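Counting from 1, position 53 in the sequence shown corresponds to residue 53 in full-length UniProt numbering; the numbering is continuous, with no gaps. Just so it is clear, CB atoms sit at the ideal spot from N, CA and C, and this is done for glycine as well. Note that the structure is predicted; figures quoted are calculated from it, not measured. Written out below as structure tokens is the structure these notes cover.
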Amino acid sequence: MINVLLLSLENPLLLKSGAGRYVKSHLELLRNEVSFTVCTTAAGQNSHGWKTLEIPLDLKAFASFEEAVAAMNFQMIKTVLAYKGQFNFIHANDDITAPAAVYLSEVLALPLISTVHGLESGRKTAAGENVHPYRASLERLLAEKSDQILVLSSMMKTDMQKAFSLPFEQVRVIPHPCIKSRTVKKRMKSVPYFFSCGRFVPEKGFIEWLHAFQQLRKRQPDLELVIAGEGPLQSGIETKARELGIKESVTILPFLCEEERESWLAFCEMAVFPSCYEPFGIAAQDSMAAGVAVAVGTNGGWNDFVIDRVTGFQIDFNHPDKAAYALAEIVRDKEQLLKVGQTAEAYILDLHDPGYIKNVFLQHVYHTSF
């Protein structure tokens with residue numbers, strides 16, 4: 001059996017983001033064929049599917065996220081070397097584990113595989129901010145030292161090749177596997193509502209979505225909005241809803257477990273993801289697998305699977321009035337919503353079939369000939 005050391009900031013047993021969900025799905029998909037050792041932050045919970053090497057890390061104890069990342073990488077190196085395990089590959093989950101991944105790869109003489117979920121330059125450009133020099137250096141380090149780079153969408157493959165002049169064959173697109181949820185659904189709200197979820201950060205577009213929703217309510221005053229997630233922009237989202245006079249129509253929830261997320265999805269009018277930068281779109285994938293019609297921003301990795309008016313709807317949320325008008329027209333046509341949702345469900349479950357994705361990993365990534 002192949003032995004893989006996987007490095008991840010987010011413990012897959014304490015999920016807070018799409019990157020963490022990716023790790024958990026990855027481990028569960030391949031645990032019968034691959035022996036994983038996961039070096040990650042502590043979650044106080046153990047898994048029988050993989051070995052966990054926990055490191056002590058309190059993000060709040062550091063003056064900046066970059067300082068916490070540096071400390072985490074140092075702890076990862078110490079922990080792995082003390083463990084003295086035998087591995088065939090090192091797999092870095094995103095650039096924030098780059099220093100530890102590259103160092104361990106060189107010291108242990110092992111091939112380095114990396115999964116890149118997004119570029120900080122893309123996130124910050126979308127948010128109108130500057131990239132931290134340390135994060136930029138980590139992205140370049142991982143790109144230059146990885147033997148194989150995995151991304152989840154064709155958009156990310158193009159971005160990686162442009163940013164770091166990488167050979168075409170070095171970057172491989174492997175999407176997140178799509179598994180239809182079997183959880184029991186229960187109605188969470190009696191009135192009609194849109195559902196959105198994601199990290200509360202500028203590039204997710206929630207502020208722009210609130211502006212569009214304010215205009216949409218003028219056309220359909222019975223509609224409400226449910227947004228679930230966590231992040232530094234939470235207070236800004238709450239403030240903006242209050243300023244726009246729609247606070248009573250907007251429900252803000254924390255990060256949801258699978259059962260809660262599926263229940264909210266099951267009874268919504270449609271799911272809306274207004275990101276201006278989205279490397280893949282696991283939340284949109286989830287919604288499509290649930291048979292829910294989705295509306296997404298025009299720029300994202302979801303362009304690989306959201307075909308406008310066939311498997312979803314593409315909306316420009318940078319223009320709130322136009323977005324509101326488009327959504328009002330879409331949500332009125334219940335027959336179209338149902339048809340698009342049904343088409344999307346069949347399409348996404350086939351396109352991102354777990355069995356196919358498992359075979360790609362076993363034949364082209366975790367393979368001794370690599």
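Measure the Cβ-Cβ separation of residue i and residue j and say whether it is below 8 Å.
{"i": "residue 289", "j": "residue 180", "result": "yes"}
{"i": "residue 313", "j": "residue 208", "result": "no"}
{"i": "residue 340", "j": "residue 150", "result": "no"}
{"i": "residue 75", "j": "residue 57", "result": "yes"}
{"i": "residue 279", "j": "residue 118", "result": "yes"}
{"i": "residue 29", "j": "residue 358", "result": "yes"}
{"i": "residue 2", "j": "residue 88", "result": "yes"}
{"i": "residue 337", "j": "residue 270", "result": "yes"}
{"i": "residue 8", "j": "residue 176", "result": "no"}
{"i": "residue 105", "j": "residue 145", "result": "yes"}
{"i": "residue 228", "j": "residue 255", "result": "yes"}
{"i": "residue 296", "j": "residue 306", "result": "yes"}
{"i": "residue 69", "j": "residue 53", "result": "no"}
{"i": "residue 291", "j": "residue 345", "result": "yes"}
{"i": "residue 62", "j": "residue 71", "result": "yes"}
{"i": "residue 160", "j": "residue 171", "result": "yes"}
{"i": "residue 73", "j": "residue 100", "result": "yes"}
{"i": "residue 79", "j": "residue 55", "result": "yes"}
{"i": "residue 18", "j": "residue 31", "result": "no"}
Look at the alpha carbon of residue i and the alpha carbon of residue j, and state the distance between them as a whole number of angstroms.
{"i": "residue 121", "j": "residue 136", "result": "7 Å"}
{"i": "residue 348", "j": "residue 178", "result": "7 Å"}
{"i": "residue 273", "j": "residue 90", "result": "33 Å"}
{"i": "residue 16", "j": "residue 253", "result": "13 Å"}
{"i": "residue 231", "j": "residue 363", "result": "37 Å"}
{"i": "residue 243", "j": "residue 236", "result": "10 Å"}
{"i": "residue 233", "j": "residue 81", "result": "38 Å"}
{"i": "residue 260", "j": "residue 202", "result": "24 Å"}
{"i": "residue 156", "j": "residue 361", "result": "18 Å"}
{"i": "residue 111", "j": "residue 333", "result": "52 Å"}
{"i": "residue 205", "j": "residue 220", "result": "22 Å"}
{"i": "residue 124", "j": "residue 282", "result": "20 Å"}
{"i": "residue 356", "j": "residue 182", "result": "20 Å"}
{"i": "residue 153", "j": "residue 226", "result": "27 Å"}
{"i": "residue 326", "j": "residue 304", "result": "22 Å"}
{"i": "residue 324", "j": "residue 83", "result": "55 Å"}
{"i": "residue 276", "j": "residue 147", "result": "30 Å"}
{"i": "residue 107", "j": "residue 67", "result": "24 Å"}
{"i": "residue 302", "j": "residue 308", "result": "11 Å"}
{"i": "residue 134", "j": "residue 102", "result": "15 Å"}
{"i": "residue 10", "j": "residue 27", "result": "13 Å"}
{"i": "residue 343", "j": "residue 85", "result": "47 Å"}
{"i": "residue 331", "j": "residue 131", "result": "38 Å"}
I'd like the list of long-range same chain contacts for residue i, defined as Cβ closer than 7 Å, with 5 residues on each side in sequence excluded.
{"i": "residue 240", "result": "207 and 210"}
{"i": "residue 238", "result": "252"}
{"i": "residue 371", "result": "The requested residue 371 is not part of the displayed model; the chain covers only 1 to 370."}
{"i": "residue 287", "result": "265, 271 and 294"}
{"i": "residue 200", "result": "206, 229, 230, 231, 232, 233, 234 and 237"}
{"i": "residue 77", "result": "100, 103 and 104"}
Among the residues of its own chain, which have a CB less than 6 Å from the CB of residue i, if the five just before and after it don't count?
{"i": "residue 298", "result": "314 and 316"}
{"i": "residue 34", "result": "2, 4 and 366"}
{"i": "residue 115", "result": "93 and 150"}
{"i": "residue 6", "result": "36, 38 and 91"}
{"i": "residue 186", "result": "263"}
{"i": "residue 42", "result": "54"}
Apart from the five residues on each side of it in sequence, which residues of its chain come closer than 8 Å, Cβ to Cβ, to residue i?
{"i": "residue 224", "result": "189, 191, 192, 193, 194, 249, 250 and 251"}
{"i": "residue 22", "result": "93, 115, 117, 152, 176 and 282"}
For a cutoff of 8 Å on Cβ pairs, would you count residue i as touching chain C?
{"i": "residue 128", "result": "In summary, chain C is missing from the structure at hand, where a single protein chain is found."}
Does the count of Cβ pairs from the region 141-149 and the region 262-269 closer than 8 Å reach three? Result no; under three Cβ-Cβ pairs closer than 8 Å.
With three or more C-beta pairs closer than 8 Å as the rule, is the region 208-220 touching the region 320-335? These segments touch.
What residue ranges within the region 333-358 form continuous alpha helix (DSSP H) runs of no fewer than 4 residues, ordered along the chain? Counting only runs of at least 4 residues, the region 333-358 fully encloses the following alpha helix (DSSP H) elements, listed from N- to C-terminal order: 334-351.
At what residue ranges does the region 279-307 contain a whole run of the beta strand (DSSP E), taking only runs of 3 or more? Runs found: 294-296.
Please go through the region 113-191 and give each complete beta strand (DSSP E) segment of 3 or more residues, from N-terminal end onward. With a minimum length of 3 residues, the continuous beta strand (DSSP E) runs that stay inside the region 113-191 are 148-151 and 171-173.
Minimum length 3: unbroken beta strand (DSSP E) runs contained in the region 6-79: Those beta strand (DSSP E) runs which fall completely within the region 6-79 and span 3+ residues are 34-41 and 51-55.
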